[in-house]
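> Residue numbers (our numbering), protein chains in the order written: chain V, 559 to 793; chain W, 559 to 793.
Mind having a look at this structure? Questions to follow.
There are 2 protein chains.
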Amino acid sequence: MNLVLLFAKDFIDTRKVRLEGRRFRHILEVHRVLAGDEIRVGMAGGLIGTGRITSLRDSSLEMDISLAQEPPAALPVTLVLALPRPKVLRRVVLSAAAMGVKRLILLNSYRVEKSFWQSPVLQPDSIHKQVILGLEQACDTILPEISLKPFFKPFVEDELPLLIKDTIPLVAHPAAQEQCPRNVSLPVTLVIGPEGGFIPYEIEKLTLCGLKAVHIGSRILNVETAVPFILSRLF
Amino acid sequence: MNLVLLFAKDFIDTRKVRLEGRRFRHILEVHRVLAGDEIRVGMAGGLIGTGRITSLRDSSLEMDISLAQEPPAALPVTLVLALPRPKVLRRVVLSAAAMGVKRLILLNSYRVEKSFWQSPVLQPDSIHKQVILGLEQACDTILPEISLKPFFKPFVEDELPLLIKDTIPLVAHPAAQEQCPRNVSLPVTLVIGPEGGFIPYEIEKLTLCGLKAVHIGSRILNVETAVPFILSRLF
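Right under this line is the structure:
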């Protein structure tokens, strides 16, 4: 937690917050603050600044908040991921939020196991928790928008054409001929397949829609590694 | 498993292997092979090729092996990581092996919890297992060399100066002034700190040794995300 993310409900006064639970314990046990210490905080959806600890109790603390700085720039990307297995999804959401992805779409695909869509990890609360952890890690305050698309074909036919407008539309595909571009200057729509990859029908639908299939070398990376690897190359 | 990694002990004849256990079950349950099918295999430390299933039994299978292709190029990097927490270590070893890191050094640092050094995940068998999973993921056959350096100062004073010779020596440090270089043409020695970062004394020792502190933007990434992010930027 390199920044403590604050929400409207934490405020007990215009410039004063009271924290309990996870954030309280983390500030106490990891940051090991004393009254008077300052820590980095950020208002969800807003500015970054400092919190000065004014009181420490058994199960809560209070801070005076002063906010001044803009959060870091977002990554100009829409990331479309074939829904990963729940354990992986948790980490990918955290990592994408930390890198500054602001639009994440979780898509069905032939090789996505049906049970993944029933996972409690997909519940809004659970996703929200990973997002918060990612933003706190990266000192960001802007929550990404995450949406679920459990039907591949209507998404690709009806929604993807609009999404890719004015972006570089890419699908990461180990068998592609072309290399993933580096250091681009336009926003990107990046689609990444499931373990085992998209099936030929899906690649065909995506390329028909206008996406260019690109590879990142002969090594096939798992989604947790591929996401930072490709985003770092692009921007 | 995009490639089945084979070891000398799997061979029952010059060109014939018998597999049981994890690899057998994976080939049967995930690849869903039938006798006569071909799958991608690689000889640990050697060439890549195909295995043609010649027999499938209840708990083992046999394949005729033919090897012809070189494994993918290694990443020209020595990766030095402050020892991550055990759960993270497992994933980082897998991911580093998949990306083609061939020399990984796990280093102590002030902010590494002492208990991490006692973790069963550091046992050679456990590390070996993650390496194999990483190579199988990325279709590589060359095992990385992984070494443990539980003493920061003697490593940095006595070993690091030799290691960084003829390389670009970098330490990833959020507070650095200079940006991490992109797309370099020399080998790199890359040092990445623990959660919470290196302490100032450690950064001073590393920079005195000749390492340049570099950042990857204002976002602080966790080690699992930072490793692919930085390696992708460098090469």
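Glycine included, C-beta positions come from ideal geometry on N, C-alpha and C.
Source: prediction; values computed, not measured.
How about Leu720(W): is its Cβ closer than 7 Å to a heavy atom in the ligand ADP?
The ligand ADP is absent from the structure shown, which contains no ligands of any kind.
> Is Val588(V) buried or exposed, if buried means 16 or more other CB atoms sit within 10 Å of its CB?
Its Cβ having fewer than 16 others within 10 Å, Val588(V) is exposed.
> Using the beta-carbon of each residue, which ones in chain W are nearer than 7 Å to Ala696(V)?
What Ala696(V) touches in chain W: Arg777, Ile778, Leu779.
> Which residues, in chain order, does the region 700-718 of chain V contribute to contact with chain W at a C-beta distance below 7 Å?
Listed in sequence order: no entries.
> So if DSSP puts Pro727(W) in a beta bridge, which residue, or which two residues, is it bridged to?
Paired residue(s): Thr747(W).
> Considering only C-alpha positions, which residue in the set Glu620(V), Pro644(V), Val650(V) is nearest to Gly789(V)?
Per the sequence shown, the amino acid found at residue 789(V) is Leu instead of Gly. Among Glu620(V), Pro644(V), Val650(V), the Cα nearest to that of Leu789(V) belongs to Val650(V).
> So who's on the other strand from Ile778(W), going by DSSP bridges?
Paired residues: none, contrary to the question.
> Mind checking which residues open and close the alpha helix (DSSP H) that includes Lys687(V)?
Note, Lys687(V): alpha helix (DSSP H), 682-696.
> So what's Ser790(V) in DSSP terms, helix, strand or just coil?
Note: Ser790(V) maps to helix in three-state DSSP.
> Taking Cβ positions, are Leu728(W) and Lys770(W) nearer each other than 8 Å?
Against a cut-off of 8 Å, the Cβ pair of Lys770(W) and Leu728(W) comes out as a contact.
> Closest by CA to Gly604(W), which one among Pro682(W), Pro642(W), Pro629(W)?
Comparing Cα-Cα distances from Gly604(W) to each of Pro682(W), Pro642(W), Pro629(W), the minimum goes to Pro629(W).
> Are the beta-carbon atoms belonging to Ile774(W) and Leu639(W) less than 8 Å from one another?
No, these two residues do not count as a Cβ contact at 8 Å.
> Does any CB atom of chain V fall closer than 8 Å to the CB of Gly609(W)?
Chain V contact via Cβ: absent.
> Going by C-alpha distance, which of Arg669(W), Asp683(W), Gly609(W) is nearest Leu619(W)?
Minimum Cα distance to Leu619(W) is reached at Gly609(W).
> Between which residues of its own chain and Gln627(W) is the CB-CB distance below 7 Å, once the five residues before and five after are set aside?
Excluding residues within five positions, the ones whose Cβ falls inside 7 Å are Leu605, Ile606, Gly607.
> Given this structure, state the Cα-to-Cα distance separating Leu665(W) from Phe709(W), to the nearest angstrom.
Going by the C-alpha atoms only, they are around 7 Å apart.
> In chain W, what lies closer than 9 Å to Ala656(V) by C-beta?
Those are Arg777, Ile778, Leu779, Asn780, Thr783, listed as they occur along chain W.
> Use the C-beta contact count for Arg777(V): other C-beta atoms within 10 angstroms, 16 or more gives buried, fewer gives exposed.
Counting Cβ neighbours within 10 Å, Arg777(V) comes out buried, since at least 16 surround it.
> Interface residues of chain W around Pro739(V) at Cβ under 8 Å?
Ordered by position in chain W, no residue passes the 8 Å Cβ test against Pro739(V), which lies about 12 Å from the chain.
> For Thr572(V), count neighbouring C-beta atoms within 10 Å of its own C-beta (all shown protein chains included) and say buried if the count is 16 or more, exposed if not.
By the 10 Å Cβ count, Thr572(V) comes out exposed.
> Alpha carbon to alpha carbon, how far is Asn780(V) from Thr612(V)?
Looking at the two C-alpha atoms, the distance is approximately 46 Å.
> Return the residue from the list Arg740(W), Pro634(W), Ala602(W) that minimises the CA-CA distance to Leu625(W).
Nearest option by C-alpha distance: Ala602(W).
> What does a CB cutoff of less than 8 Å around Ala784(W) pick up in its chain, not counting 5 residues either side in sequence?
Within the same chain, Ala784(W) has close Cβ partners Ala730, Ile750, Ile774.
> Report all residues from its chain with a CB closer than 6 Å to the CB of Cys697(W); omit the five preceding and five following residues, and keep chain order.
Only Asn560, Leu561 meet the Cβ criterion.
> Mind checking Pro752(W): buried by the 16 CB within 10 Å criterion, or exposed?
By the 10 Å Cβ count, Pro752(W) comes out buried.
> Could you check which residue in Ala656(W), Leu701(W), Tyr759(W) has the C-alpha nearest to that of Phe787(V)?
Here the closest residue by C-alpha is Ala656(W).
> With distances taken from CA atoms, which of Leu718(V), Glu762(V), Glu596(V) is nearest Leu748(V)?
Cα-wise, what sits closest to Leu748(V) is Leu718(V).
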